[in-house]
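Note sheet for the following structure.
Next up, the structure:
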């Protein structure tokens with residue numbers, strides 16, 4: 001029997017040579033073209049031995065499916081978009097990581113983009129993900145009631161889950177339980193004897209701001225203590241806003257004896273403003289912050305905080321999105337609240353009998 005020459009190693013495609021197609025892969029693996037597509041798209045219905053044959057044929061032939069062709073056929077792209085408002089906010093980094101870990105376990109790639117809080121950019125990014133045929137999207141919208149954004153969401157054609165926001169749609173939403181957290185912190189301050197508690201926060205017209213205000217109101221109502229609207233400053237999460245508003249509050253004829261600074265960036269400005277007015281924490285004014293941070297932990301005295309697990313929030317949002325992408329029957333406007341906890345450190349104490357002027 002004559003000796004057969006050894007099989008030459010597989011070479012790289014030669015320019016100008018016939019292009020390998022899905023038909024070639026199916027023929028080499030002994031399967032239908034649809035089976036090749038299911039293997040490429042990670043469908044769970046393919047048996048291990050068939051998957052192995054197809055993957056071997058793909059490797060031997062050096063075939064790579066065209067993403068554009070997949071998109072035109074309506075095949076899943078295994079891509080999820082994540083639009084958030086502020087790339088400087090470390091909470092979003094934790095949310096993104098939580099979502100990415102869940103989605104990668106299920107074979108999806110997470111593509112993130114910052115809108116810088118601009119509705120026009122949010123719309124442009126949604127349209128981009130639509131053109132790229134994303135399978136779903138996680139969205140931390142800046143303005144919940146923006147008509148153009150609402151219209152774009154309705155026209156997107158893919159499942160969307162909101163983070164820390166609610167919109168006038170049937171979308172699901174995942175966020176921290178800011179209502180319970182703020183209510184708990186306010187109840188603590190009331191129990192110390194404070195009767196003038198200020199709230200500095202942004203998000204007057206979004207879920208986060210509404211829930212924090214509701215928690216403050218509920219705690220006052222439960223204690224039978226009236227809430228002075230002059231102590232509510234609800235227009236921005238920026239540090240400069242905190243700096244300005246805390247000074248204005250402390251200049252009132254009846255200044256607050258306690259302050260809830262509800263925002264990570266606010267804390268720096270609030271601390272600076274308190275010290276510029278010559279007040280001491282907690283001797284002259286008690287302070288509670290929302291969202292833990294190195295600043296809250298390392299400043300003297302360390303600041304009491306309402307905190308939550310942003311990583312867990314990202315995971316929950318991704319899990320809800322996966323259920324929607326898989327076609328599960330989920331009640332419209334499903335809302336998931338991630339628990340908060342009140343961490344007592346050293347920035348709250350009973351009010352001074354005579355607040356310093």
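In the UniProt record's numbering, the protein residues as written are 1 to 357.
Where a beta carbon is used, it is the ideal one built from N, C-alpha and C, also for glycine.
Bear in mind that the values here come from a model prediction, so they are computed numbers and not experimental data.
In this structure the stretch 199 to 208 lies against the stretch 231 to 238, because at least three pairs of beta carbons, one per stretch, are closer than 8 angstroms.
Taking each of 353, 339, 330, 23 in turn and checking the Cα distance to residue 160, the smallest one comes out for 330.
Relative to the Cα of residue 306, the nearest Cα in the group 104, 155, 267, 220 belongs to 267.
For residue 337, the secondary structure class from DSSP, reduced to helix, strand or coil, is strand.
Linking residue 318 to residue 146 through their CA atoms gives a straight-line distance of about 24 angstroms. For residue 58, the secondary structure class from DSSP, reduced to helix, strand or coil, is helix. Sequence-distant partners of residue 302 (beyond 5 residues in either direction) whose C-beta falls short of 8 angstroms from its own C-beta, in its chain, are 296, 345, 346, 347.
Cβ-Cβ distances below 8 angstroms link residue 320 to 161, 172, 174, 330, 334, 336 in the same chain, with the five nearest sequence neighbours on each side left out; the list follows chain order.
Around residue 139, the same chain offers 83, 160, 162 as residues with beta carbons nearer than 6 angstroms, after the five sequence neighbours per side are excluded. Under DSSP, residue 304 forms a beta bridge with 288. One Cα belongs to residue 206, the other to residue 220, and the distance between them is close to 22 angstroms. Beta-bridge partners of residue 83 (DSSP): 113, 139.
Around the CB of residue 256, 16 or more other CB atoms lie within 10 Å, so the residue is classed as buried.
Residue 249 has its alpha-carbon roughly 23 angstroms from the corresponding atom of residue 223. By the criterion of a C-beta distance shorter than 6 angstroms, residue 29 is surrounded in its chain by 53, 54, 57, once the five residues flanking it on both sides are discounted. In this structure, DSSP gives residue 261 an extended state, which the three-state scheme calls strand.
Taking all protein chains shown into account, residue 339 has fewer than 16 neighbouring C-beta atoms within 10 Å of its C-beta and is therefore exposed.
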